[in-house]
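Pasting the structure below:
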């Protein structure tokens with residue numbers, strides 16, 4: 192059964208990472224680019240060159256504003272690409288960066304982003320080996336758009352495959368969700384809201400991935416950094432790909448007070464809000480306790496939690512469950528409540 | 192001696208591929224991204240992973256209009272990345288494509304570009320294995336910007352190095368220059384000019400590269416696809432990198448009548464106009480005749496010509512010479528006479 196894409200024009204929701212993005216990619220782009228290495232909604236493509244197993248990923252960044260509490264477009268672009276490689280079970284080996292710059296952009300703004308990118312790459316131990324720069328007229332871009340592309344080498348300690356999910360596997364999360372999306376929303380200044388303690392969570396998730404590799408590499412079934420579309424969208428994708436159900440223990444999911452408050456006020460679900468430094472993994476039941484301890488031992492991992500488990504029914508579905516027995520369907524993101532968050 | 196970048200804001204010329212682009216990349220970006228694999232103005236970065244020699248390149252495309260006689264942004268984006276790998280002596284193995292789409296873009300326009308990209312990739316025998324899509328508000332992009340990233344495997348038949356240039360080496364060109372840039376200029380409709388016979392030369396240069404590999408791989412010193420900045424800028428770069436002089440036989444350079452006429456009218460030099468399917472190589476003197484014959488035997492290579500030779504003086508300089516003894520300095524592109532041609 193193939194999804195058909197019948198929309199007549201591009202809307203903001205097509206870039207939001209939820210259902211509309213999925214329809215665009217799976218209904219239009221993937222069928223045309225059709226090839227065995229293309230895995231439409233996974234984080235990186237995996238293929239072999241000369242016997243070496245490689246992963247490759249590219250993302251464009253259009254976040255607005257360019258700088259926000261806790262990070263900036265350049266840092267996001269480098270961390271995002273590193274994270275896509277890492278959760279695909281690959282060690283980052285090289286990055287490229289391209290820029291679309293708006294004429295009139297102050298050079299100091301560009302310099303700050305280039306320095307942020309270099310610092311983020313250095314922190315992750317990977318080099319930015321090339322790129323490209325284009326300039327468009329004033330008014331044809333919002334300051335700058337950045338595209339990063341990353342190459343990684345598959346880490347043989349992992350054998351990730353959603354098809355290996357089985358009932359009882361545990362869902363682990365590295366920390367509190369929603370900080371990035373809500374920070375961006377507040378940073379735009381369009382709402383009469385402020386929260387001094389809000390900061391983007393942008394960071395490389397490589398230390399979490401390495402912690403799992405060392406603890407229980409072969410017991411890890413799936414990893415993901417829940418960016419656009421949030422935790423709900425990422426888990427719906429693995430539910431769909433595996434054919435399993437994911438039971439989400441909603442009370443176990445860490446959400447900072449400012450994020451929870453903003454979501455309540457604005458009618459948003461923290462599970463749909465983008466993160467830029469969080470990490471989800473599904474591990475074998477037998478490995479779950481050690482894996483969680485390993486995540487918590489990572490600096491910045493003290494809020495890591497066991498947030499769900501794999502069940503056989505209802506197939507291809509994410510269900511939120513509460514301690515007093517309530518359940519609700521947790522769907523993918525629909526629409527685009529927070530445009531241009533990355 | 193290090194170039195310093197002291198400009199205060201980004202101008203169109205910084206994206207034109209000439210002197211201002213060079214100052215931006217070498218004076219600002221490269222020093223911050225500093226690492227051994229970074230070769231600022233070459234077409235692709237070369238490095239090894241697990242003993243396999245790889246090349247990687249990325250370019251953003253912002254051409255306006257999106258479609259023009261002979262091609263479109265999608266075709267350009269795929270051919271351009273394939274060409275950057277090919278002239279770096281690498282066989283393309285995988286491509287990624289990312290899109291920044293403007294809200295309101297008719298889906299039929301996007302579909303046409305995706306189909307053009309798939310066709311171009313198929314023609315070159317390489318797959319588009321992944322990518323990303325972002326959407327910005329209406330007015331924040333001109334329809335769409337496309338970034339392509341390519342991975343290639345180094346072709347062991349080549350050992351390219353500008354340091355190996357020596358006096359007497361010959362400069363070969365695959366065909367007529369300037370068609371792409373002048374076609375774009377006319378396609379914008381801003382000039383009261385028309386030339387029905389003008390078409391972009393966008394194509395993969397891989398057949399030319401393969402012809403040289405089979406004929407005289409080890410005798411090839413340098414290859415380049417002269418895009419932004421044109422033939423003059425590409426040759427100035429190799430003159431500078433090698434420390435040699437390049438004598439350019441200006442009368443031997445094929446230029447179609449419409450391009451020559453437009454350049455005369457507008458005060459442009461065809462040597463500075465962008466090409467998207469031409470190919471320059473410098474080969475050992477002893478190989479030059481066979482190499483030229485091989486280029487001419489490629490379909491679409493009937494206009495290939497021997498257009499220059501390497502000399503020892505004046506060092507780091509390109510000199511145009513004519514049959515009646517005239518000479519002139521041929522400089523890199525300065526300014527941006529034709530913005531957003533790719």
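Chains as they are written, first to last, in our numbering: chain X, 192 to 533; chain B, 192 to 533.
All residues carry an ideal CB built from backbone N, CA and C; glycine is no exception.
Query - Cβ neighbour criterion (16 or more within 10 Å) applied to residue 415 of chain B - result: Translated into the one-based positions of the second chain, residue 415 of chain B becomes position 224. Counting Cβ neighbours within 10 Å, residue 415 of chain B comes out buried, since at least 16 surround it.
Query raised in the report: Anyone know if the C-beta pair for residue 311 of chain X and residue 337 of chain X falls short of 8 Å?
Result: Along the first chain, read from residue 1 onward, the residue named residue 311 of chain X stands at position 120. Along the first chain, read from residue 1 onward, the residue named residue 337 of chain X stands at position 146. For residue 311 of chain X and residue 337 of chain X, no; Cβs fall outside 8 Å.
Query raised in the report: Which residues bound the beta strand (DSSP E) around residue 250 of chain B?
Result: Position 59 of the second chain, counted from the start, is the residue given in the question as residue 250 of chain B. Taken as a continuous stretch (DSSP letters only), the beta strand (DSSP E) holding residue 250 of chain B covers 243-252.
Requested in this report: Note down, in chain order, every chain X residue with its Cβ under 8 Å from the Cβ of residue 382 of chain B.
Outcome: The count along the second chain starts at 1 and reaches residue 382 of chain B at position 191. Within 8 Å Cβ-Cβ: nothing; residue 382 of chain B doesn't reach chain X, min ~17 Å.
Query raised in the report: Can you check whether the CB of residue 208 of chain X is closer than 8 Å to the CB of residue 424 of chain X?
Result: Working through the first chain from its first residue, we reach residue 424 of chain X at position 233. Working through the first chain from its first residue, we reach residue 208 of chain X at position 17. Yes. Within cutoff.
Requested in this report: Verify whether the separation of the beta carbon atoms of residue 328 of chain X and residue 245 of chain X is less than 8 Å.
Outcome: Counted from its first residue, the first chain places residue 328 of chain X at position 137. Counted from its first residue, the first chain places residue 245 of chain X at position 54. Cβ atoms of residue 328 of chain X and residue 245 of chain X: not closer than 8 Å.
Query raised in the report: Under the three-state reduction of DSSP, which class applies to residue 470 of chain X: helix, strand or coil?
Result: Stepping through the first chain from its first residue, residue 470 of chain X is reached at position 279. Residue state, collapsed to three classes: coil.
Query raised in the report: Can you list, in chain order, the residues of its chain whose CB lies under 7 Å from that of residue 487 of chain X, leaving out five sequence neighbours each side?
Result: To locate residue 487 of chain X, count along the first chain from 1; it is residue 296. Excluding residues within five positions, the ones whose Cβ falls inside 7 Å are 493 and 495.
Query raised in the report: Taking only beta-carbon atoms, is residue 205 of chain B less than 8 Å away from chain X?
Result: Numbered from 1 along the second chain, position 14 holds the residue referred to as residue 205 of chain B. Cβ-Cβ to chain X under 8 Å: yes for residue 205 of chain B.
Requested in this report: Let me know if residue 405 of chain X comes out buried or exposed under the rule of 16 or more other beta-carbons within 10 Å of its beta-carbon.
Outcome: Here residue 405 of chain X refers to the residue found at position 214 when the first chain is read from its first residue. By the 10 Å Cβ count, residue 405 of chain X comes out exposed.
Query raised in the report: Since residue 297 of chain X meets chain B, which of its residues come closer than 9 Å, beta carbon to beta carbon?
Result: Here residue 297 of chain X refers to the residue found at position 106 of the first chain. Under the 9 Å cutoff, chain B gives 199, 200 and 201.
Requested in this report: Report the partner residues of residue 344 of chain X according to the DSSP bridge assignment.
Outcome: What you label residue 344 of chain X is simply residue 153 of the first chain in a count that begins at 1. Paired residue(s): X/245 and X/282.
Query raised in the report: Got a sec: is the Cβ-Cβ distance from residue 418 of chain B to anything in chain X below 8 Å?
Result: Here residue 418 of chain B refers to the residue found at position 227 of the second chain. By this cut-off, residue 418 of chain B is not an interface position.
Query raised in the report: How about the segment 446-466 of chain B and the segment 384-395 of chain B: do they share at least three Cβ pairs that are nearer than 8 Å?
Result: yes
**Report entry** residue 210 of chain X: first and last residue of the uninterrupted alpha helix (DSSP H) it sits in
**Finding:** Residue numbering aside, residue 210 of chain X sits at position 19 when the first chain is read from its first letter. 210-215 is the span of the alpha helix (DSSP H), which, as asked, contains residue 210 of chain X.
Query raised in the report: Based on the DSSP secondary-structure assignment, which residues constitute the bridge partners of residue 508 of chain X?
Result: For the purposes of this step, residue 508 of chain X is taken as the residue at position 317 of the first chain. DSSP output for residue 508 of chain X lists X/436 as bridge partner(s).
**Report entry** Bounding residues of the beta strand (DSSP E) (the contiguous stretch that carries residue 414 of chain X)
**Finding:** If you number the first chain from 1, residue 414 of chain X lands on position 223. 411-415 is the span of the beta strand (DSSP E), which, as asked, contains residue 414 of chain X.
Report task. At 7 Å on the CB atoms, spell out the chain X contacts of residue 223 of chain B, in chain order. Result -> Numbered from its first residue, the second chain carries residue 223 of chain B at position 32. The answer, in chain order, is 305, 306 and 309.
Requested in this report: My understanding is that residue 257 of chain B touches residue 319 of chain B, with C-beta atoms under 8 Å, so please give their C-beta distance in whole angstroms.
Outcome: Residue mapping note: residue 257 of chain B aligns to position 66 of the second chain, counting from 1. Residue mapping note: residue 319 of chain B aligns to position 128 of the second chain, counting from 1. Rounded, the Cβ-Cβ distance is 18 Å, inconsistent with contact.
Query - Test: residue 406 of chain X CB closer than 8 Å to a CB of chain B - result: On the first chain, residue 406 of chain X is found 215 positions in, with the first residue counted as 1. No, no contact with chain B.
Query - Cutoff 6 Å; reference residue 273 of chain X; Cβ partners in own chain excluding five residues on either side - result: What you label residue 273 of chain X is simply residue 82 of the first chain in a count that begins at 1. Here the set comprises 283, 315 and 395.
Query raised in the report: Do residue 276 of chain B and residue 235 of chain B come within 8 Å of each other at the CB atom, strictly closer than that value?
Result: Along the second chain, one-based indexing puts residue 235 of chain B at 44. Along the second chain, one-based indexing puts residue 276 of chain B at 85. Contact flag set, yes.
Query raised in the report: What alpha helix (DSSP H) runs, 4 residues minimum, are completely inside the segment 335-408 of chain B?
Result: 370-378 and 397-407
Query raised in the report: Buried or exposed: residue 535 of chain X, going by 16 or more other Cβ atoms within 10 Å of its Cβ?
Result: Here chain X has residues from 192 to 533 only, and residue 535 of chain X is not among them.
Requested in this report: Please list, in chain order, all residues of the same chain as residue 514 of chain B whose beta carbon is under 7 Å from its beta carbon, the five residues on each side excluded.
Outcome: Taking the second chain and counting its residues from 1, the one referred to as residue 514 of chain B is at position 323. Here the set comprises 442.
Query raised in the report: What does residue 263 of chain X pair with, by DSSP beta-bridge criteria?
Result: Translated into the one-based positions of the first chain, residue 263 of chain X becomes position 72. In the DSSP output, where bridge partners are listed per residue, residue 263 of chain X has X/258.
Query raised in the report: Beta-carbon separation of residue 399 of chain X and residue 489 of chain X under 8 Å?
Result: The residue labelled residue 399 of chain X in the question sits at position 208 within the first chain. The residue labelled residue 489 of chain X in the question sits at position 298 within the first chain. Yes. Within cutoff.
Query - 8 Å Cβ cutoff, residue 355 of chain B in contact with chain X - result: As a position in the second chain, residue 355 of chain B is number 164, starting the count at 1. Closer than 8 Å: no.
Query raised in the report: Which two residues bound the contiguous beta strand (DSSP E) that contains residue 307 of chain B?
Result: By 1-based counting over the second chain, the position of residue 307 of chain B is 116. First-last for residue 307 of chain B: 298-314, but that is the alpha helix (DSSP H), not the beta strand (DSSP E).
Report task. Compare the beta carbon distance of residue 201 of chain X and residue 298 of chain B with 8 Å and say whether it is the shorter of the two. Result -> Within the first chain, the letter at position 10 stands for residue 201 of chain X. Within the second chain, the letter at position 107 stands for residue 298 of chain B. In this structure, residue 298 of chain B lies closer than 8 Å to residue 201 of chain X by Cβ.
Query raised in the report: Interface residues of chain X around residue 160 of chain B at Cβ under 7 Å?
Result: Because chain B here runs from 192 to 533, residue 160 of chain B falls outside it and cannot be looked at.
Query raised in the report: Counting along the chain, where does the beta strand (DSSP E) carrying residue 566 of chain X start and finish?
Result: The structure shown does not extend to residue 566 of chain X, since chain X is modelled only from 192 to 533, so the question has no answer here.
Query - Closer than 8 Å to chain B by CB, residue 215 of chain X - result: By one-based count along the first chain, residue 215 of chain X stands at place 24. At least one chain B Cβ lies under 8 Å of residue 215 of chain X.
Query raised in the report: Which residue's Cα is closest to the Cα of residue 471 of chain B: B/224, B/432, B/308 and B/418?
Result: Mapped onto the second chain, residue 471 of chain B falls at position 280. When only C-alpha atoms are compared, the closest one is B/418.
Query - C-beta contact flag for residue 533 of chain B and residue 249 of chain X at 8 Å - result: Stepping through the second chain from its first residue, residue 533 of chain B is reached at position 342. Stepping through the first chain from its first residue, residue 249 of chain X is reached at position 58. The answer is no: Cβ separation not under 8 Å.
Query raised in the report: Quick one, which of X/468, X/506 and X/365 has its alpha-carbon nearest residue 432 of chain X's?
Result: As a first step, residue 432 of chain X is located in the first chain; it is residue number 241 there, counting from the start. With distances taken between Cα atoms, residue 432 of chain X lies closest to X/506.
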